[in-house]
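*Asks:* Residue numbers (the working numbering), protein chains in the order written: chain A, 11 to 303; chain B, 1067 to 1392; chain C, 14 to 341. We treat Cβ as the ideally placed atom computed from N, Cα and C, and that holds for glycine. Quick one: structure below, then a few questions.
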Amino acid sequence: MLNSEKEQQGRGKKQSQLREVLKRLMKNKTAAVGMVIFLIIALASVLAPVLAPYDYAQMNLDETFQTPSREHLLGTDEYGRDYLSRILYGGRFSLGLGLCAQLFSLFFGVILGCFAGYYGGKTDNLIMRICDVWQSIPGILFTIILCAALGTGWINTVIAMGLGGIPGNCRMIRAQLLSLREREFIEAEHAINCPSGKIMFRHLLPNAISPLIVSSTMGIGNTINGAAGLAYLGLGVQPPTPEWGALISAARAQIRYYPYLILYPGLMLAITILSLNMFGDGLRDAMDPKLKN
Amino acid sequence: MKDNQFLSVEDLVVEYTSNDQVIHAVNRVSFRLDKGQTLGLVGETGAGKTTIAKSIIGILPDPPAKVRGGRILLEGEDLLQLDDRHMQKIRGKKISMVFQDPMTALNPNMKVGHQIQEVVELHENVSRKEAEEHAKRMLEMVGIPRDRFYEYPHQFSGGMKQRVIIAMALACKPDLLLADEPTTALDVTIQAQVLELIKNLKVEQQTSMILITHDLGVVAGLCDYVGVVYAGEIIEYGTLEDIFDHPTHPYTIGLFGALPSMGKRVKRLSPIHGLPPDPSKLPEGCSFSPRCPRATEACKKAPVEMRNLGGTHECRCILADKPGDR
Amino acid sequence: MEPLVEIKGLKKYFRTPRGPLHAVDDVSMRFEAGKTMGVVGESGCGKSTLGRTIIHLQEPTGGKIFYEGEDVTRVTPKKLVELRQKMQIIFQDPYASLNPRMTVEETIKEPLALSGRYQRSEIDAQITKIMDLVGIARRMRMSYPHEMDGGRRQRVGVGRALAMEPKFIVCDEPVSALDVSIQAQVLNLLMDLQDELGMSYMFVTHDMSVVRHISHDISVMYLGQLVETSESEELFLHTYHPYTKALLSAIPSTDIHNQKNRIMLKGEISSPVNPKPGCRFAPRCLYATEKCLEPQTLVEVAPKHYVSCCRVYELNEDLKRGQDGAEQ
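Next up, the structure:
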């Protein structure tokens, strides 16, 4: 009886690792602020249909270029669309784009990196040479070519942005695995007949993924930035979809008369990226296993 | 006692702060050392041996470490009161230290000879030429041919690197050498060479030495005095004979019992049960009492003071002077 | 009696840019069931590689490995799975040998689940049994390695190896990373487990006093080769090879009244890459002659006591008499 009680107590400890990371994260003021800001922005974007006072695409040609007022807190644009609603919805597209593109490149990067790092030899050589070729094309050029080839639209922008990140992630995972696979606990797994797939994804990956999570978190900001750049060039998300970059792009003609049309989405972009970087920095410290021991 | 004592450490207390916890690394450590003599500090990982040495040479990382009390008198001068500039002069010149890991103690991008030369130039008022010549002589002294002066650390094996580090430490003829596990990272046959070297150099240069180690065998071959360190305290102190022939503290006795002996074969080793205490929550009484086979209620009540057992032999155990305990 | 594991002329070379590295070169050994063979040598002598090669963590370059008389040098993957259940390993560094993200329970559970010997419902009880066996308190079940000290971690490592119910365990310096008092606990544990479960150990270490304490037989290795092998007591009573002698004399003794005269070896271990034929210890040996540059063979100088030194009879007076007697 006593034993089983003790066991129960022991079982409660299981989630401690995640909780520990969170605890350390919260101690870091900068990171906590970054996380809170990002969560507010994310929440506002998710709840856009509830929060937004108007439909983001609803035009009202009587009310174009209004300055902020009680009806339109952030004013209206050239077609009289409510700017606040457009920015709220824009967050959905921008954040979603950043997140999805990072997940996309993380997923394929990790798989390729795992195979390269774990099997080594010819497999490694092949994958790495492909990455070399991939990375020899300048990043922005690569994305522009892809966008031009795939066509515009949200999904295609995600793919174009995501593909560019794969080789970087792949390299990072591979480097981690190369050193990890020589560790004794992996040798022990071989000795107890653990199948390769399980060693790769159950034992190696969880120990290698932390730096990648950090870089991906910070990468979200870059991707949003990049996508905004694409939209600005007219390649990414197309109007009337209110992605932040697209908003800036659309407003550039009016910059002399209505600068706030650029200011608001630009500010949102800046705040989001800043908060993600603050959060990512803290995450790196919190996940560093060296601090744990 | 004696005013012309070479080195005396009195009631040294060092604490580390981490995560709002106070770690009591060194608690009320006192010892004395005469010129030309060697003190061995023996203890297990985390007992605070290295912290003691680092406080003497003044390289404790502050924060998180902080000297909370005590005095370290080197020829009557309190090292803890000196400012950084003065300490800099003493470090390397009067006191120098040899670290455990020869692999990381040398700058990999600098020729070994120049690393020795640098120490000489820093502390002695000599020309470059003279410093270089001196560095070459030092290399020869530790048994490395002088033409290896221009090689890089990676061209040296572990034992050779440790020789270079010893040469560096002794380059300015320090009065006091702190050797922190100088041979732990080395193979036995190489360890024997390095120990022999240290022994000879010590006699040659009349250097006093504090040798930090977990290996009782190394202590037996090199030291005049021994301090057994447990949980940041010296729990037994005495001459080599005091400690090895008449170990008195249960921990010291336990250490000898846990050692597989080369002399006679025993069926079972007698390990010390349990683990060293968490240095952030030290027990109220004797720090060894939770593991001690002879602990009584009295042991757990109040901190135990050092007791003199005759001559230089001291022991921090309230049962120590009862007859028939040996 | 047929040995549990036997190796004959085992070789393991690694490819390096400067030529083949002879990590293990032509080593033969017999491991009796229920006994401990201590393999001693300094870093770089190939003792760890030897252990890993025997249990197929590394592929041998040459030679043969036998398990219960069966040649298992080259095996099919299926056979390998079977073999690994019988041969396990305990590692040196309890900090590197446990997955930092797995609890004690998960670490011990994995081999149990993979072995396929237990029903899902039985595994829980089996974990408890193993934890009791290696002396980890049950409340530590959900602890992560970083919450435990070195001794406890090493117990978990032992538990993981035992979970496969092996008959042969390679102990790769299992106590050299531990403090003396903890070291004694783990040594006692290993010896108790052997008494109870009757496994055979290959105990790899650089520490002569530890090996003497735990081993029935001892083999001394130098630069990938066997230089001397014998029963434990015999080896310490009659040491014949110059390297073994030097190794024994180099150990710092705790006897302060009889500090022995050390045999000081000159120089350091040479490179195992492209070694020259002949005795590999010769460059450091105090007694090396021209003859030592020729390949050496193991000679049985006393019952079950083999030495690889061509001058062994010249250098050891007591052996000389014995040999003369044998010739007459």
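(1) When the Cα atoms are used, what is the spatial distance from V1164 (chain B) to L1243 (chain B)?
(2) Considering only the alpha carbon of each residue, which of C:Y256, C:E281, C:T86 and C:A263 lies closest to L328 (chain C)?
(3) In the stretch 150 to 184 of chain C, which residues sit with their C-beta less than 9 Å from some C-beta in chain B, listed in chain order?
(4) Among the residues of its own chain, which have a CB less than 6 Å from the CB of L1107 (chain B), if the five just before and after it don't count?
(5) Please state the DSSP three-state secondary structure of K1333 (chain B).
(6) Would you check if the stretch 53 to 71 of chain A and the stretch 1083 to 1098 of chain B touch, i.e. whether three or more CB-CB distances between them fall below 8 Å?
(7) Apply the 10 Å Cβ neighbour rule to G192 (chain A) and answer buried if 16 or more other Cβ atoms are within range, or exposed otherwise.
(8) Please decide whether D106 (chain C) counts as near chain A, where near means a Cβ-Cβ distance under 9 Å.
(9) List the endpoints of the continuous alpha helix (DSSP H) containing E1206 (chain B).
(10) Note down, in chain order, all residues in the stretch 300 to 333 of chain C with a beta-carbon under 8 Å from any beta-carbon belonging to chain B.
(11) With a threshold of 16 other CB atoms inside 10 Å of the CB of P250 (chain A), please say whether the residue is buried or exposed.
(12) Straight-line CA distance for G1320 (chain B) to Q112 (chain A)?
(13) Give me the chain C residues within the contact set of F211 (chain A), using Cβ-Cβ distance strictly less than 7 Å, ordered along the chain.
(14) DSSP has T29 (chain C) in a bridge; who is on the other side?
(15) If you measure from the CB of G239 (chain A), is any heavy atom of the ligand NAD nearer than 8 Å?
(16) Tell me which same chain residues have a C-beta within less than 7 Å of the C-beta of A1258 (chain B), skipping the five on either side of it?
(17) CA-CA distance, G22 (chain C) and M50 (chain C)?
(18) Any idea which residues DSSP pairs K92 (chain C) with across the strands?
(19) Would the stretch 1136 to 1148 of chain B count as touching the stretch 1307 to 1314 of chain B if we require 3 or more Cβ pairs under 8 Å?
(20) For a contact meaning CB atoms closer than 7 Å, what does Q198 (chain C) contact in chain B?
(21) Is it a yes or a no for the stretch 254 to 273 of chain C touching the stretch 30 to 42 of chain C, going by three-plus beta-carbon pairs under 8 Å?
(22) Just to confirm my understanding: we take V117 (chain C), look at its own chain, exclude 5 residues before and 5 after, and list those with CB closer than 6 Å. What are they?
(23) Against chain C, which members of the stretch 282 to 297 of chain A pass a CB distance test of less than 8 Å?
(24) Taking K1268 (chain B) as part of the beta strand (DSSP E), name the residues at either end of that continuous run.
(25) Would you call L136 (chain A) buried or exposed, if buried means 16 or more other Cβ atoms sit within 10 Å of its Cβ?
(26) Give the C-beta separation of T1117 (chain B) and V1080 (chain B) to the nearest angstrom, bearing in mind that I take them to be a contact with Cβ-Cβ under 8 Å.
(27) Do M288 (chain A) and V60 (chain A) have their beta-carbon atoms positioned less than 9 Å apart in this structure?
(28) Which stretch, first to last residue, makes up the beta strand (DSSP E) that contains V217 (chain C)?
(29) Using a Cβ-Cβ cutoff of less than 8 Å, which residues in the same chain neighbour K1239 (chain B) once the five nearest sequence positions on both sides are dropped?
(30) Take Y108 (chain C) as the anchor and find which of C:P290, C:L261, C:G164 and C:P265 has the nearest alpha-carbon.
(31) Got a sec, what are the start and stop residues for the beta strand (DSSP E) Q101 (chain C) sits in?
(32) Along the alpha helix (DSSP H) that carries A260 (chain A), what are the first and last residues, could you check?
(33) For I223 (chain A), list the residues DSSP reports as bridge partners.
(34) So with CB distances below 9 Å, who are the chain C contacts of F1310 (chain B)?
(35) Going by beta carbon distance, what residues of the same chain come within less than 7 Å of Y300 (chain C), once the five residues before and after it are set aside?
(36) Should V143 (chain A) go down as buried or exposed, given a rule of 16 or more other Cβ atoms within 10 Å for buried?
*Replies:* Considering the structure as presented:
(1) The residue labelled residue 1164 (chain B) in the question sits at position 98 within the second sequence. The residue labelled residue 1243 (chain B) in the question sits at position 177 within the second sequence. Distance between the alpha carbons of V1164 (chain B) and L1243 (chain B) is about 8 Å.
(2) On the third sequence, residue 328 (chain C) is found 315 positions in, with the first residue counted as 1. Nearest C-alpha to L328 (chain C): C:Y256.
(3) D162, G163, G164 and R165
(4) Residue numbering aside, residue 1107 (chain B) sits at position 41 when the second sequence is read from its first letter. Contacts found: K1115, I1278, G1293 and V1295.
(5) By one-based count along the second sequence, residue 1333 (chain B) stands at place 267. Reduced to three states, the DSSP call for K1333 (chain B) is coil.
(6) no
(7) Sequence index remark: in the first sequence, residue 192 (chain A) carries index 182 (1-based). Correcting the residue identity first, residue 192 (chain A) is Glu in this sequence and not Gly. Per the 10 Å Cβ criterion, exposed.
(8) Locating residue 106 (chain C) in the third sequence gives position 93, where the first residue counts as 1. Chain A, which has a Cβ nearer than 9 Å to the Cβ of D106 (chain C), makes this yes.
(9) The count along the second sequence starts at 1 and reaches residue 1206 (chain B) at position 140. Taken as a continuous stretch (DSSP letters only), the alpha helix (DSSP H) holding E1206 (chain B) covers R1194 to M1207.
(10) none
(11) Position 240 of the first sequence, counted from the first residue, corresponds to residue 250 (chain A). Exposed.
(12) As a working mapping, residue 1320 (chain B) is identified with position 254 in the second sequence. As a working mapping, residue 112 (chain A) is identified with position 102 in the first sequence. Each residue's alpha carbon lies about 58 Å from the other.
(13) Taking the first sequence and counting its residues from 1, the one referred to as residue 211 (chain A) is at position 201. Under the 7 Å cutoff, chain C gives no residues; its nearest Cβ is about 13 Å from F211 (chain A).
(14) Locating residue 29 (chain C) in the third sequence gives position 16, where the first residue counts as 1. T29 (chain C) is bridged to C:G32.
(15) For the structure depicted, the ligand NAD is absent and the ligand set is empty, with no information on it obtainable.
(16) The count along the second sequence starts at 1 and reaches residue 1258 (chain B) at position 192. Closer than 7 Å at the Cβ level, and outside the excluded window around A1258 (chain B), lies no residue.
(17) The sequence position of residue 22 (chain C) within the third sequence is 9, counting from 1. The sequence position of residue 50 (chain C) within the third sequence is 37, counting from 1. One C-alpha to the other measures close to 17 Å.
(18) To locate residue 92 (chain C), count along the third sequence from 1; it is residue 79. According to DSSP, K92 (chain C) bridges with nothing at all.
(19) no
(20) Locating residue 198 (chain C) in the third sequence gives position 185, counting from the first residue. Simply P1337.
(21) no
(22) On the third sequence, position 104 is the one that residue 117 (chain C) refers to. M153, R154, S156 and V169.
(23) none
(24) Your numbering for residue 1268 (chain B) matches position 202 in the second sequence. Unbroken run through K1268 (chain B) is the alpha helix (DSSP H), V1254 to Q1271; no beta strand (DSSP E).
(25) Taking the first sequence and counting its residues from 1, the one referred to as residue 136 (chain A) is at position 126. Exposed: under 16 other Cβ atoms inside 10 Å.
(26) Mapped onto the second sequence, residue 1117 (chain B) falls at position 51. Mapped onto the second sequence, residue 1080 (chain B) falls at position 14. Indeed, because the Cβ distance is near 5 Å, the residues count as touching under 8 Å.
(27) On the first sequence, position 50 is the one that residue 60 (chain A) refers to. On the first sequence, position 278 is the one that residue 288 (chain A) refers to. Their beta carbons are not under 9 Å apart, which means V60 (chain A) does not touch M288 (chain A) by this criterion.
(28) For the purposes of this step, residue 217 (chain C) is identified with residue 204 of the third sequence, where counting begins at 1. Unbroken beta strand (DSSP E) run through V217 (chain C): S213 to T218.
(29) Taking the second sequence and counting its residues from 1, the one referred to as residue 1239 (chain B) is at position 173. Here the set comprises Q1271 and T1273.
(30) Here residue 108 (chain C) is taken as the residue at index 95 of the third sequence, counted from 1. Closest by alpha carbon: C:G164.
(31) By 1-based counting over the third sequence, the position of residue 101 (chain C) is 88. Taken as a continuous stretch (DSSP letters only), the beta strand (DSSP E) holding Q101 (chain C) covers M100 to I103.
(32) The sequence position of residue 260 (chain A) within the first sequence is 250, counting from 1. Element bounds for A260 (chain A): W254 to A261.
(33) Along the first sequence, read from residue 1 onward, the residue named residue 223 (chain A) stands at position 213. None, per the DSSP bridge assignment.
(34) As a working mapping, residue 1310 (chain B) is identified with position 244 in the second sequence. Near F1310 (chain B) (Cβ distances below 9 Å), the residues of chain C are T267, D268, I269 and H270.
(35) The sequence position of residue 300 (chain C) within the third sequence is 287, counting from 1. Around Y300 (chain C): P255, R324 and L328.
(36) Along the first sequence, one-based indexing puts residue 143 (chain A) at 133. Classification for V143 (chain A): exposed.
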